[in-house]
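Q: In our numbering, the protein residues as written are 160 to 858. Sending over a structure as structure tokens; questions will come in a sec.
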Ligand code: C2E
Ligand code: MG
Ligand code: MG
């Protein structure tokens, strides 16, 4: 049984190696001194597995000691190196090691190599025997060796036809070439050009006597053009003519495949085949250190909305779409611009040496066009964020990628196209700090008894038939101590993001109820007030119960209360929301679908909806100014609302021409600057008072 001495100061590594090589007799040493002692004692040790970094006597010192004494010639040494220690590998090999194994130790790799070396030792011994007997009948070994072996005349000019003398069947099998062919071609011509220089460098050293042997991983080109990876050990063999070199080649293509697979998993996303986040991070890190490029930028694509598709369709549908997107985006790659799939629904381009901001923007536009061509049909949008990398930000990769995420999320909110583009700049930073301030003020409001800067304005709604104000829409406002008046479209989403929307929403409802009570006191008991409710509120636990409790406590008439729900809310959770709406409607409240026509609700299901009213979005009212009234579909929306048994309210009416059209097509109510902008409580009541006076005057 072959004896192997494992020299490593790490007890764990010794243990791992020992257990992996259980079929051999394994001795262990914890440092160089210990190793030398054992080698001196035991002449049967065949192979040394030698760590380089050790206390007392390190691996290099051991190799030097072994080299200096002919008694140790019988020993073969494999050094253990770390992945990034190329210099040490070379130095170790120069000092006489025959091979190296990189840490972390890959089980199969270690085992294969040790097996091969033990096999080689056997062969070498057999050879030695044969040589001793002065007979060079290598045939038996040749034909039975599980490795490819070839002998070449190393002293012949390499590029001159053949330098081969003889090779075994395994060598023919590995190279995919017949003996005749090999004899004709020689080994240089079948070596991959990328590996040739390295091999020649070693070979020359071997010839000059600078080294005793070398091992190399290289590729041979097979006749069909494919490649085979081989692990080669080349050593001189002094024959009678003193001019030949032994040249042993071992097929390692299987192990190379494992290694390549490991690398693949490390650097690539399995599904899209694109590079992954960890590879991007390592590139960014390296480039920051090496300063390999003048200008660098990352462009992030945020496709978060894709998860909506997963809920609607199958998982595989989205996955296939992601793959399609990956392929289309990959067409935008150039030499200096790589594409990464950093997360499930996120892609990043990393562009080195981009010409300038203008080109960066044009590139984003091209990417947006590509995405839109695939995703518009799916009604999916997204955002493209850009971070330009410079010396001020290149060091912190996490921070860079976070900024990219922020920019790409911002870009989603840029409404003028499906894919907005947003550069991470100082304004964004300011915007983020503004959001944080607003968030802070909202939280404070929820923690105090009074409503702080939170108040409502009321925009009148006019009944077109009677030409009378029949209600108000309550629109919330936030007066921030730091930033002045904040519109609801800004602070409501902030509240929604972090959940104080529930207590904030409650405060809004209570203010609206107080206003209703005031109206009742003043004799306007038939005037309604409608309140905007966000999806998160509606779906929050006990929303209805809580609302009914407030209605009871405040003694308001449910029939005076309207609730406005935006249409897009119905795209998801249709059933759940419709059940809640049903409960509210049964209690007497009237329910309106806000911004109708812009969201995703399916007309097919509109009939099932538990609502009273459609509020036609301002978009369709604006259109009345632009297109020929006969061609406008606004009237169709009104009649559709009526056919479904709902009342129709037009939003954003600013011009008499619009009012006229709406009156003619039977729209029930209108709201907009033509009647009045949103008003404070006093002004709203004054408006009602004025209306009474006008009415009285008319009678
Ligand atoms: P909305 O419910 O569709 O409200 C109508 C918006 O259009 C209001 O903007 C209103 O001021 C504006 N508007 C009304 N008439 C005209 C007009 O003739 N021309 C123009 N250009 N605009 C007009 P506002 O107050 O900025 O509110 C925006 C949105 O914020 C509201 O849209 C609503 O969705 C949301 N919102 C407002 N208050 C609340 C609230 O208390 N809770 C929730 N969840 N959302 C609210
Ligand atoms: Mg509304
Ligand atoms: Mg609206």
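Backbone N, C-alpha and C fix where the C-beta goes; we use that ideal spot for every residue, glycine too.
1. Kindly indicate which three-state DSSP category residue 317 falls into: helix, strand or coil?
2. Please name the residue in 337, 659, 532 and 444 whose C-alpha comes closest to that of residue 509.
3. Hey, which unbroken runs of the alpha helix (DSSP H) at 4 residues or more fall wholly within the stretch 639-720?
4. In chain order, what are the residues with a CB under 5 Å from some non-hydrogen atom of ligand 2?
5. Would a C-beta distance cut-off of 8 Å place residue 834 and residue 662 closer than the cut-off?
6. In whole angstroms, what is the alpha-carbon distance linking residue 744 and residue 466?
7. Let me check understanding here. Comparing Cα to Cα, which of 169, 617 and 492 lies closest to residue 263?
8. Am I right that residue 376 and residue 390 are in contact with their C-beta atoms under 8 Å? What's the rounded C-beta distance?
9. Would you say the beta carbon of residue 773 comes nearer than 7 Å to a heavy atom of ligand 1?
10. So, residue 746 versus residue 702, is the Cβ gap smaller than 8 Å?
11. I need the boundaries of the beta strand (DSSP E) containing residue 258, first residue and last residue.
12. According to the neighbour-count rule (16 or more other Cβ atoms, all chains shown, within 10 Å of its Cβ), is residue 327 buried or exposed?
13. Would you say residue 781 touches ligand 3, meaning its beta carbon is less than 7 Å from a heavy atom?
14. By a C-beta neighbour count over all protein chains shown, 10 Å radius and 16 as the cutoff for buried, is residue 551 buried or exposed?
15. Should residue 726 be listed as close to ligand 3, given that the test is whether its C-beta is under 7 Å from any heavy atom?
16. Opposite residue 618 in the DSSP bridges: which residues?
17. Relative to the C-alpha of residue 278, which candidate in 255, 306, 288 and 259 has its C-alpha closest?
18. Any idea if residue 329 is buried or exposed, counting beta-carbon neighbours within 10 angstroms, 16 or more meaning buried?
19. Within 10 angstroms of its Cβ, does residue 658 collect 16 or more other Cβ (buried), or is it exposed?
20. Should residue 786 go down as buried or exposed, given a rule of 16 or more other Cβ atoms within 10 Å for buried?
21. Considering residue 386, what are the terminal residues of the beta strand (DSSP E) in which it resides?
22. Excluding the 5 residues preceding and the 5 following residue 855 in the sequence, name in chain order all residues of the same chain whose CB lies nearer than 8 Å to its CB.
23. I'd like the span of the beta strand (DSSP E) that includes residue 829, first residue to last.
24. What's the gap between the Cα of residue 429 and the Cα of residue 811?
25. Starting from residue 354, trace the alpha helix (DSSP H) both ways and give me its first and last residue.
26. Taking the C-alpha atoms as reference points, what is the distance between residue 670 and residue 583?
27. Under 7 Å from any heavy atom of ligand 1, does the C-beta of residue 645 make it?
28. Cβ of residue 521 versus every heavy atom of ligand 1: is any distance shorter than 7 Å?
29. Quick check on the burial criterion: 16 or more other C-beta atoms within 10 angstroms. Buried or exposed for residue 316?
30. Taking the CB atoms as reference points, tell me whether residue 630 and residue 721 lie closer together than 8 Å.
31. Excluding five sequence neighbours on each side, which residues of the same chain lie with their C-beta closer than 7 Å to the C-beta of residue 318?
32. When every heavy atom of ligand 3 is checked, does at least one fall within less than 7 Å of the C-beta of residue 810?
33. Give the range of the beta strand (DSSP E) segment to which residue 325 is assigned.
34. Quick one, are the C-beta atoms of residue 501 and residue 439 less than 8 Å apart?
35. Pull up the CB-CB distance for residue 780 and residue 809, whole angstroms please, since I reckon it's below 8 Å.
36. Could you tell me the distance, in whole angstroms, from the CA atom of residue 632 to the CA atom of residue 817?
A: Concretely, from the data shown:
1. Residue mapping note: residue 317 aligns to position 158 of the chain shown, counting from 1. Legend: pLDDT at residue 317 = 48, less than 50; position of this residue unreliable, value from coordinates given subsequently. Here residue 317 sits in coil by DSSP.
2. To locate residue 509, count along the chain shown from 1; it is residue 350. Answer by Cα proximity: 444.
3. 647-657, 660-680, 694-698 and 702-713
4. 691, 723 and 753
5. By 1-based counting over the chain shown, the position of residue 834 is 675. By 1-based counting over the chain shown, the position of residue 662 is 503. It is not a contact, given that the beta carbons lie outside the stated cut-off.
6. Residue numbering aside, residue 744 sits at position 585 when the chain shown is read from its first letter. Residue numbering aside, residue 466 sits at position 307 when the chain shown is read from its first letter. So the alpha carbons of these two residues sit roughly 31 Å apart.
7. The residue labelled residue 263 in the question sits at position 104 within the chain shown. Taking only the C-alpha atoms, the option nearest residue 263 is 169.
8. As a first step, residue 376 is located in the chain shown; it is residue number 217 there, counting from the start. As a first step, residue 390 is located in the chain shown; it is residue number 231 there, counting from the start. Indeed, because the Cβ distance is near 5 Å, the residues count as touching under 8 Å.
9. The count along the chain shown starts at 1 and reaches residue 773 at position 614. Not so, every heavy atom of ligand 1 lies at least 7 Å from the Cβ.
10. In the chain shown, residue 746 corresponds to position 587, counting from 1. In the chain shown, residue 702 corresponds to position 543, counting from 1. The answer is no: Cβ separation not under 8 Å.
11. As a first step, residue 258 is located in the chain shown; it is residue number 99 there, counting from the start. 258-262 is the span of the beta strand (DSSP E), which, as asked, contains residue 258.
12. Stepping through the chain shown from its first residue, residue 327 is reached at position 168. Buried, since its Cβ has 16 or more Cβ neighbours within 10 Å.
13. Position 622 of the chain shown holds residue 781. Residue 781: no, Cβ never under 7 Å from ligand 3.
14. As a position in the chain shown, residue 551 is number 392, starting the count at 1. With fewer than 16 other Cβ atoms within 10 Å, it is exposed.
15. Looking up residue 726 in the chain shown gives position 567. Residue 726 Cβ: outside cutoff for every heavy atom of ligand 3.
16. Translated into positions along the chain shown, residue 618 becomes position 459. Residue 618 pairs with 632.
17. Counting from one through the chain shown, the residue named residue 278 turns up at place 119. Answer by Cα proximity: 306.
18. Residue numbering aside, residue 329 sits at position 170 when the chain shown is read from its first letter. Residue 329 is buried by the Cβ-count criterion.
19. Mapped onto the chain shown, residue 658 falls at position 499. So residue 658 counts as exposed.
20. The residue labelled residue 786 in the question sits at position 627 within the chain shown. With fewer than 16 Cβ atoms within 10 Å of its Cβ, residue 786 is classed as exposed.
21. Locating residue 386 in the chain shown gives position 227, where the first residue counts as 1. Unbroken beta strand (DSSP E) run through residue 386: 386-395.
22. The residue you call residue 855 lines up with position 696 of the chain shown. Cβ neighbours of residue 855 beyond the five flanking positions: none.
23. Taking the chain shown and counting its residues from 1, the one referred to as residue 829 is at position 670. Here the beta strand (DSSP E) through residue 829 covers 828-830.
24. Position 270 of the chain shown, counted from the start, is the residue given in the question as residue 429. Position 652 of the chain shown, counted from the start, is the residue given in the question as residue 811. For residue 429 and residue 811, the distance between alpha carbons rounds to 50 Å.
25. Locating residue 354 in the chain shown gives position 195, where the first residue counts as 1. Where residue 354 is concerned, the enclosing alpha helix (DSSP H) stretches over 352-367.
26. The count along the chain shown starts at 1 and reaches residue 670 at position 511. The count along the chain shown starts at 1 and reaches residue 583 at position 424. Straight-line Cα distance between these residues: approximately 39 Å.
27. Here residue 645 refers to the residue found at position 486 when the chain shown is read from its first residue. Answer for residue 645: no, Cβ out of range of ligand 1.
28. Numbered from 1 along the chain shown, position 362 holds the residue referred to as residue 521. No; taking the cut-off as 7 Å, the Cβ of residue 521 has no heavy atom of ligand 1 nearer than that.
29. As a working note, residue 316 is residue 157 in the chain shown. Caution applies to residue 316, whose pLDDT of 41 falls short of 50 and renders its modelled position unreliable; the model cannot decide the point.
30. The residue labelled residue 630 in the question sits at position 471 within the chain shown. The residue labelled residue 721 in the question sits at position 562 within the chain shown. Yes; because the gap between Cβ atoms is below 8 Å, this pair is in contact.
31. Here residue 318 is taken as the residue at index 159 of the chain shown, counted from 1. Its pLDDT being 47, under 50, residue 318 is placed unreliably by the model, and the measurement read from it follows with that caveat. So the qualifying residues of the chain are 347.
32. Locating residue 810 in the chain shown gives position 651, where the first residue counts as 1. Yes.
33. Translated into the one-based positions of the chain shown, residue 325 becomes position 166. Run containing residue 325: 323-326, per the beta strand (DSSP E) assignment.
34. Here the question's residue 501 lines up with position 342 in the chain shown. Here the question's residue 439 lines up with position 280 in the chain shown. Yes; because the gap between Cβ atoms is below 8 Å, this pair is in contact.
35. Residue numbering aside, residue 780 sits at position 621 when the chain shown is read from its first letter. Residue numbering aside, residue 809 sits at position 650 when the chain shown is read from its first letter. At roughly 5 Å, the Cβ-Cβ gap stays under 8 Å, so residue 780 and residue 809 are in contact.
36. In the chain shown, counting from the first residue as 1, residue 632 sits at position 473. In the chain shown, counting from the first residue as 1, residue 817 sits at position 658. Rounded to the nearest angstrom, the two C-alpha atoms are 20 Å apart.
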